[in-house]
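Peer 1:
2 protein chains.
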Amino acid sequence: MEYRKTKDQENYEDASQKDIESLRWTPLSVVTNSMPSSVGGSNKSSWKLKSIVTLALTLLTSSQAILIVWSKRAGKYEYSVTTANFSVEALKCALSLSALARIWKSQGVTEDNKLSTSFDEVSVYPIPAILYLIKNLLQYYIFAYVDAPAYQILKNLNIISTGVLYRIILKKKLSEIQWAAFILLCAGCTTAQLNPSSDHVLQTPLPGWVMAIVMALLSGFAGVYTEAIIKKRPSRNINVQNFWLYIFGMVFNLIAICIQDYDEVMNKGFFHGYSFITVCMIVNHALSGIAVSMVMKYADNIVKVYSTSVAMLLTAVVSVFLFGFHLSLAFFLGSTVVSISIYLHSIGKPQPQK
Amino acid sequence: MEYRKTKDQENYEDASQKDIESLRWTPLSVVTNSMPSSVGGSNKSSWKLKSIVTLALTLLTSSQAILIVWSKRAGKYEYSVTTANFSVEALKCALSLSALARIWKSQGVTEDNKLSTSFDEVSVYPIPAILYLIKNLLQYYIFAYVDAPAYQILKNLNIISTGVLYRIILKKKLSEIQWAAFILLCAGCTTAQLNPSSDHVLQTPLPGWVMAIVMALLSGFAGVYTEAIIKKRPSRNINVQNFWLYIFGMVFNLIAICIQDYDEVMNKGFFHGYSFITVCMIVNHALSGIAVSMVMKYADNIVKVYSTSVAMLLTAVVSVFLFGFHLSLAFFLGSTVVSISIYLHSIGKPQPQK
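Protein chains in written order, with the numbering used here: chain A, 1 to 354; chain B, 1 to 354.
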């Protein structure tokens, strides 16, 4: 049982519980299209907020991967993944509630920050949830066709699918240069991850490719749909949205515990096998999860993709100092291409930076 | 003795013999700056000419590499490299003369297409010649620090040095996007050439890096200087410029034959060891050499760099069909980056395409 699995599971819950009014396909694109890209509007503080949440997501994601390496080096932990996931959701819930308590104290309870919700507001969360369910199911089957390193390479297709679906579903425009930058981001990330066994991926049989593409589409679609429903009601307090997100996360993980680890938890206890590093990883995952929500609210999926890509590179660099890893020439080339991609994305904006 | 060496030698002569009026450092940049980027001006036929010579250079360069592989597969040839180089120069000279003869017949002899030249016109060729001499000398020493595959990787620094010196010496502007595209071209070409042993290049000691950078600067400088002197007198017929270029090439190679292969040529004969493939390579090198001159005259060093980069990729693709080579994932990623670089270079023009 590896903690590494937590992230995908977490994404599932991120996407599956939304405290938002009902969304129908036709009005969705219209609504999101007419919305400002960040809730705070075009002022300087919104740009600052966007930068802070993006930086936070980058640092948290990169330290996430480092904690995984660290925990692997330190030996296997016999904790249950489902209880760890539940703990992550519970911690996020607690953090959202404490933030809300502060807001209620200073601003009072309003229509936008009240905790109570309607069926209409929460009814849309099953759509991304189903997408992630299918994607996680496919994940078991794809390993019949590709090995783990090849799967890591194929996961970079997510970058392209996110860009395409962001354009199609949210109807937001990327300039020609930004499209070029996005393809470069995908190529650069893949290059940075190249290793002598990467060429295996080219022997992937057709069903493997189809699954990889379908999985990338499902993942991209879930991400973009999450952004759409989080942004559907821009004035709604993010902590309320997060609270409902994480409450459903807790419920979902409780069911998972009951199905998968009921006996183990009953016999050995809920926190069996937890160590200091497990706690660090739970705290890190909780903060990363909140950062993802914030980026979806105040920035967008494109920023999230860039943020996690940079995190991947940061992780490799930090691993050199922490674990004595060696950086390959491919890593330097990939990093160069990713850096230029970021530069091109920023200078290639369809309208000038607000 | 490998024919492969011919190319560097040929570059040497391309750059070393110029039929151009004397150039001094201060006026050079002023003159070239005020020149149109192509001799024919901004009309459609000039653009067509530019496209044709670029396409010719790309196809000839890529078939050059294929001929090298072919000749290697067919076994070693015991011909002398110096006599082959001389033959290339002689063939180029003959081709230039026959083109000139046609022009004289149709247009008569003018100031611009007359063969006779002045000391001032030819006196500048030693500068690129000296640069190539130092570069070729350094080539022997750099192998004390890097192996042949690492050297192939380091040669991509030429791309960056050409861009930088093109900007500094010819004072021609590249837009921000074109600079980004140029760095991508270098990263993409290097990525496409990656193989499991490429990481050796990262262990290159400092003197190796210094030499590689100096060699890249010398090579870039020679290329850019050649463009400057070929374009110094735009109205001068390119065939006359080529004729003098190649006459000096013949003289230089004759000296090389006397020093290196005098005994062998005397005992075995000038064309000893020549085969059908040797003749193909000589014809190909002659045509490529003329194409390089044409690109320098009607386009520029940037176009030449893109052209030879695309040729490198084309060679790899054609080799799959001809020799059953396998393309690596790195090759696909590098090709993607190079393709986007070309796209960005074309959309990133400082002024609109004429």
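Backbone N, C-alpha and C fix where the C-beta goes; we use that ideal spot for every residue, glycine too.
With distances taken from CA atoms, which of F86(B), S51(B), L60(B) is nearest F252(B)?
Peer 2: F86(B)
Peer 1: With distances taken between CB atoms, is the gap from A187(B) to V337(B) smaller than 8 Å?
Peer 2: yes
Peer 1: Let me know the secondary structure DSSP gives Q107(A) once reduced to three states.
Peer 2: helix
Peer 1: Determine the direct distance from the alpha carbon of S288(A) to that of T110(A), and round the result to whole angstroms.
Peer 2: 28 Å
Peer 1: Please compile the residues from chain B whose C-beta is within a distance smaller than 7 Å of the C-beta of S328(A).
Peer 2: D199
Peer 1: When you compare the CB positions of I230(B) and S307(B), do they come within less than 8 Å of one another, or not?
Peer 2: In this structure, S307(B) does not lie closer than 8 Å to I230(B) by Cβ.
Peer 1: Using the rule of at least 16 other Cβ atoms within 10 Å of the residue's Cβ for burial, across every protein chain shown, is M266(A) buried or exposed?
Peer 2: exposed
Peer 1: Hey, is Y141(B)'s beta-carbon within less than 8 Å of any beta-carbon in chain A?
Peer 2: no
Peer 1: Rounded C-beta distance between V201(A) and A150(A)? I'm assuming under 8 Å.
Peer 2: That belief holds up - the Cβ atoms of V201(A) and A150(A) are roughly 4 Å apart, short of 8 Å.
Peer 1: Is it true that the CB of V240(A) sits closer than 8 Å to the CB of N158(A)?
Peer 2: One thing to note: N158(A) has its Cβ no nearer than 8 Å to the Cβ of V240(A).
Peer 1: DSSP three-state label for I221(B), please.
Peer 2: It is worth fixing the name first, because residue 221(B) is Phe in this sequence and not Ile. Three-state DSSP puts F221(B) in a helix.
Peer 1: If you drop the 5 nearest sequence neighbours on each side, which residues of the same chain put their C-beta closer than 6 Å to that of L333(B)?
Peer 2: The residues T191, in chain order, have a CB closer than 6 Å to that of L333(B) in the same chain once the five nearest residues on each side in sequence are set aside.
Peer 1: Can you list, in chain order, the residues of its chain with a C-beta nearer than 6 Å to that of L154(B)? Leave out the 5 residues immediately preceding and following it.
Peer 2: A212
Peer 1: Taking the alpha carbon of K391(A) as the reference point, which residue from K304(A), S116(A), D300(A) has its own alpha carbon closest?
Peer 2: Since the first residue shown for chain A is 1 and the last is 354, residue 391(A) is missing from the structure and cannot be characterised.
Peer 1: Between which two residues does the alpha helix (DSSP H) harbouring A180(A) extend?
Peer 2: 176-192
Peer 1: Residues of chain B with CB under 7 Å from V305(A), in chain order?
Peer 2: Near V305(A) there are no residues of chain B at all, since even the closest Cβ is about 17 Å away, more than 7 Å.
Peer 1: First and last residue of the alpha helix (DSSP H) that includes T315(A)?
Peer 2: 301-323
Peer 1: If I follow the unbroken alpha helix (DSSP H) through F252(B), where does it start and stop?
Peer 2: 238-260
Peer 1: Contact between the segment 52-60 of chain B and the segment 257-266 of chain B is defined here as three or more beta-carbon pairs at a separation below 8 Å; is this criterion met?
Peer 2: No contact exists between the segment 52-60 of chain B and the segment 257-266 of chain B.
Peer 1: Short check: CB of T83(B) to CB of I259(B), under 8 Å?
Peer 2: Going by C-beta atoms, T83(B) is not nearer than 8 Å to I259(B).
Peer 1: Given that E176(A) touches chain B, what residues does it touch there, using C-beta distances under 8 Å?
Peer 2: I347
Peer 1: For H272(B), name the three-state secondary structure that DSSP assigns.
Peer 2: coil
Peer 1: Enumerate, from N- to C-terminal direction, the unbroken beta strand (DSSP E) stretches of 3 or more residues contained entirely within the segment 52-97 of chain B.
Peer 2: none
Peer 1: Any beta carbon from chain A within less than 8 Å of L314(B)'s own beta carbon?
Peer 2: no
Peer 1: For a contact meaning CB atoms closer than 7 Å, what does V337(B) contact in chain A?
Peer 2: L184, A187, V337
Peer 1: For the candidate residues S80(A), W70(A), S62(A), whose alpha-carbon lies nearest to that of F270(A)?
Peer 2: S80(A)
Peer 1: Would you please state the rounded distance, in angstroms, between the beta carbons of H345(A) and Q64(A)? I believe it to be under 8 Å.
Peer 2: In this structure, H345(A) and Q64(A) do not form a Cβ contact; the two beta carbons are roughly 23 Å apart against a cut-off of 8 Å.
Peer 1: How about Y343(B): is its C-beta nearer than 8 Å to some C-beta of chain A?
Peer 2: Yes, Y343(B) lies at the interface with chain A (some Cβ there is under 8 Å from its Cβ).
Peer 1: May I ask you to verify whether the segment 85-99 of chain B touches the segment 313-332 of chain B, counting CB pairs closer than 8 Å and requiring at least 3?
Peer 2: No contact exists between the segment 85-99 of chain B and the segment 313-332 of chain B.
Peer 1: For a contact meaning CB atoms closer than 7 Å, what does A180(A) contact in chain B?
Peer 2: I340, Y343, L344
Peer 1: So, under 8 Å CB-CB, Y355(A) and I169(A) are touching, yes? Tell me the CB distance rounded to an integer number of Å.
Peer 2: Residue 355(A) is absent from the model: chain A starts at 1 and stops at 354.
Peer 1: Taking only beta carbons into account, state which residues of the segment 192-216 of chain A come closer than 8 Å to chain B, listed in chain order.
Peer 2: L194, P196, S198, D199, V201, L202
Peer 1: In whole angstroms, what separates the C-alpha of I177(B) from that of A311(A)?
Peer 2: 25 Å
Peer 1: Report the three-state DSSP secondary structure of K232(B) (helix, strand or coil).
Peer 2: DSSP places K232(B) in the coil class of the three-state scheme, outside both helix and strand.
Peer 1: With 8 Å as the threshold, decide whether the Cβ of T190(A) is near any Cβ in chain B.
Peer 2: For T190(A), the closest Cβ of chain B is nearer than 8 Å.
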